[in-house]
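So the structure is just underneath, and the comments pick up after that.
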Amino acid sequence: RKNMESHFHTLQLTSLLPSSSCNPTTKGKRGGASMEVVNSHGPCSKLNQEGAKASSMTEILAHDQARVDSIQARVTTQNYDLFRKKDKISNKNRAKDSKVNLPVQPGISIGTGNYIVTIGIGTPKKDLSLIFDTGSDLTWTQCQPCVKSCYAQLQPFFDPSSSSTYSNISCTSTACSGLKSATGNNPGCSSSNCIYGIQYGDSSFSLGFFAKDKLTLTPTDVFDGFMFGCGQNNRGLFGKTAGLIGLARDPLSIVSQTAAKFEKYFSYCLPTRRGTNGHLTFGNKNGAKSTIQFTPFTLSQGTSFYFVDVLGISVGGKALSISPMLFKNAGTIIDSGTVITRLPSTAYNNLRSTFQQFMTRYPRAPNLSLLDTCYNLSNYTSISIPKISFNFNGNTNVNLDPNGILLTNGVSQVCLAFAGNGDDDS
Amino acid sequence: IGIFGNVQQQTLEIVYDVAGEKLGFGYGGCS
């Protein structure tokens, strides 16, 4: 019994299912520069209401794979360029690189399993609900007059002419030159105004004026001259959001632009499709909780992604027999925009088979898109599943919430929420 | 590369100390 409690989650199946009602209990109580984060498919998302057609789980997973493919391509391309420049590539890797299929579209896919955060821009401020993305850098929003094209969004478009603090950025400015690294594209110039363009891996894009205006995170956290994209031509998988907030590492990301006050320190909690009370908080005003375990970033890899070192994984208290070198060879990033964790193929196969051994009492169900270990739990109200924990460099062990182990598509199709990459290290 | 996705991040407190070059994990971040 003690073993069961230590290594298994016993839970009501309903705790894994989406809720239809939004009942935040701590809204507004968190200190510091804190904003509410909602799951775009959850009950607290206004973007998920008012007759909007909800994405199916299959659609969400298909878009998720598009995002993962484009992340893989972006990292591979950058490494490929680095190898070419430094000419240090081994013959083994040279052969592998020759097989790389470079993406038709640069950048990463947006995906649709997104989280949303609301910020204010302009004077007076306009609230804008933006996709929350640690995998990209530039913050942008759709702007009037939408010279070329805008997709439908829930809130009114930002109107620069209604903001007394708005200004376009000059083509000759250093900030304009910085768009190359923030977006992957060279900036343009129109009547001395800097033009940005960002294209994502699924062909979604935003193009418009690179501008600056007042950014309001909270009434006491206000930043003059925040640089962002004022989109005049925008299309893609952005749902009904007003754009995107870039939380990656480039000098033009919101993390870098607010560094003077927040010292490049932020934290968040992503709520489940059932839960509420998610947050994005800038700064370390209240001091880090002593219970936080830290693992070092590996930030020298030429992209703005956040790389971490996974050393091992345990399932049901059993450490999987995986060499740490397997993870090290592939590398791992943490990303708020990817839905399902991707593991090196060998690691996933090991995790899957161990998980299945602990779940033999439950009847299987058909695969759900890229998820290949699914169960029909229609006849159960309570289930017991093995705990899964990740061991990161720095002796950091992270036990996943049950919602991080299983993804439900109704009680008849409850799936292990992991997937494998096609290859261990390419 | 492997990717630690947002389903697995749910309910955890995820701390980015970019200047300190470290990532933190805590529990009960949404409560």
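Residue numbers (my numbering), protein chains in the order written: chain V, 879 to 1304; chain F, 8 to 38. Just so you know, even glycine gets a beta-carbon here, dropped at the ideal spot from N, CA and C.
Out of the options, point me to the one whose CA is closest to residue i's CA.
i               : options                               : result
N1071 (chain V) : V:V953, V:K1090, V:T1150 and V:L1008  : V:K1090
T996 (chain V)  : V:T936, V:T1119, V:I1170 and V:P1264  : V:T1119
I1263 (chain V) : V:Y1029, V:S1201 and V:V1193          : V:V1193
A1297 (chain V) : V:T1238, V:S918, V:F1233 and V:D1279  : V:F1233
A1225 (chain V) : V:S1199, V:P1241 and V:L1095          : V:S1199
F1010 (chain V) : V:P1280, V:A1197 and V:S1214          : V:S1214
P1202 (chain V) : V:G1195, V:I1212 and V:L1221          : V:L1221
I1266 (chain V) : V:K1196, V:K1139, V:I1076 and V:R1239 : V:K1196
G1154 (chain V) : V:S897, V:T888 and V:N881             : For the record, residue 1154 (chain V) in the displayed sequence is Thr; it is not Gly. Closest by alpha carbon: V:S897.
T18 (chain F)   : V:C1147, V:L1294 and V:R879           : V:C1147
S1059 (chain V) : V:A1030, V:L1032 and V:D1015          : V:D1015
Please report how far the alpha carbon of residue i lies from the alpha carbon of residue j, in whole angstroms.
i               : j               : result
S1290 (chain V) : L1057 (chain V) : 47 Å
S1223 (chain V) : G1300 (chain V) : 6 Å
S1256 (chain V) : Q1020 (chain V) : 44 Å
N1271 (chain V) : F1185 (chain V) : 11 Å
V1025 (chain V) : F11 (chain F)   : 38 Å
D1128 (chain V) : I994 (chain V)  : 21 Å
G9 (chain F)    : P1002 (chain V) : 43 Å
L1008 (chain V) : T1096 (chain V) : 15 Å
D1082 (chain V) : R1113 (chain V) : Rather than Asp, the amino acid found at residue 1082 (chain V) in this sequence is Ser. If you take the alpha carbons of S1082 (chain V) and R1113 (chain V), they lie about 5 Å apart.
Q950 (chain V)  : H941 (chain V)  : 14 Å
G1117 (chain V) : Y1078 (chain V) : 14 Å
Y1074 (chain V) : V1292 (chain V) : 43 Å
C1049 (chain V) : H885 (chain V)  : 58 Å
L960 (chain V)  : N1064 (chain V) : Low local confidence applies: a pLDDT of 37 at L960 (chain V) is under 50, so the model's placement there is unreliable, with the coordinate-based value given in what follows. Spanning the two alpha carbons is a distance of roughly 19 Å.
S948 (chain V)  : T1061 (chain V) : 14 Å
I1047 (chain V) : L1204 (chain V) : 46 Å
R1151 (chain V) : D1279 (chain V) : 13 Å
T1017 (chain V) : Q890 (chain V)  : 40 Å
P1034 (chain V) : L1085 (chain V) : 18 Å
P1023 (chain V) : F1183 (chain V) : 33 Å
V1133 (chain V) : F1106 (chain V) : 13 Å
S1068 (chain V) : R945 (chain V)  : 31 Å
Whose Cβ in chain F lies nearer than 7 Å to the Cβ of residue i?
i               : result
L1294 (chain V) : The contacting residues do not exist; L1294 (chain V) stays about 11 Å from chain F at best.
S1141 (chain V) : Looking at the sequence shown, residue 1141 (chain V) is not Ser but Glu. Chain F residues near E1141 (chain V): A26.
N1155 (chain V) : C37 and S38
Y1146 (chain V) : I21
Q1171 (chain V) : G31 and F32
F1205 (chain V) : G9
V916 (chain V)  : By Cβ distance, chain F contributes nothing, its closest Cβ being about 11 Å from V916 (chain V), past 7 Å.
Name the chain F residues that come within less than 9 Å of residue i, Cβ to Cβ?
i               : result
I1263 (chain V) : Near I1263 (chain V) there are no residues of chain F at all, since even the closest Cβ is about 14 Å away, more than 9 Å.
S1201 (chain V) : Per Cβ cutoff of 9 Å: no residues; S1201 (chain V) is ~14 Å from chain F at best.
T1274 (chain V) : L30, G31 and F32
I1218 (chain V) : I10, G12, N13, V14 and Q15
I949 (chain V)  : I8 and I10
L1177 (chain V) : V25 and E28
V1133 (chain V) : Y23 and V25
R1230 (chain V) : Within chain F, no residue comes near R1230 (chain V); the closest Cβ sits about 15 Å away, beyond 9 Å.
Whole-angstrom Cβ separation of residue i and residue j, contact assumed at under 8 Å?
i               : j               : result
F1268 (chain V) : V1188 (chain V) : 6 Å
T936 (chain V)  : L1246 (chain V) : 7 Å
A911 (chain V)  : D1099 (chain V) : 4 Å
I1191 (chain V) : L1229 (chain V) : 6 Å
T1043 (chain V) : G1000 (chain V) : 7 Å
T1173 (chain V) : L30 (chain F)   : 5 Å
G1161 (chain V) : Y1143 (chain V) : 6 Å
Q943 (chain V)  : L1249 (chain V) : Not confirmed; about 11 Å, so no contact.
S1131 (chain V) : G1121 (chain V) : Actually they are not in contact, since the Cβ atoms of S1131 (chain V) and G1121 (chain V) sit about 14 Å apart, beyond 8 Å.
V14 (chain F)   : G1282 (chain V) : 6 Å
Starting from the beta carbon of residue i, find every residue of chain F whose beta carbon is closer than 8 Å, and list them in chain order.
i               : result
R940 (chain V)  : Inspection of the sequence shows that residue 940 (chain V) is occupied by Ala rather than by Arg. Neighbours of A940 (chain V) on chain F: none; closest Cβ ~15 Å, over 8 Å.
D1279 (chain V) : Q17, T18 and L19
T1210 (chain V) : I8, G9, I10 and F11
T1286 (chain V) : Per Cβ cutoff of 8 Å: no residues; T1286 (chain V) is ~11 Å from chain F at best.
V1186 (chain V) : F11 and L30
Y993 (chain V)  : N13
R1127 (chain V) : V25
Which chain C residues are close to residue i, counting only those with a beta carbon under 8 Å from its beta carbon?
i               : result
D1213 (chain V) : Protein chains in the displayed structure are V and F, and chain C is not among them.
Q: Tell me the start and end of each unbroken alpha helix (DSSP H) in the segment 1035–1108 of chain V that is at least 4 residues and wholly inside, in chain order.
A: 1052–1055 and 1057–1061
(Q) Please give me, in chain order, every unbroken run of the beta strand (DSSP E) with length at least 3 that falls completely inside the segment 987–1014 of chain V. (A) 993–999 and 1004–1011
**Q.** Sequence ranges, beta strand (DSSP E) only - wholly within the segment 1127–1158 of chain V, length at least 3
**A.** 1143–1147
Q | Every unbroken alpha helix (DSSP H) inside the segment 1217–1270 of chain V [4 residues or more] | A | 1223–1236
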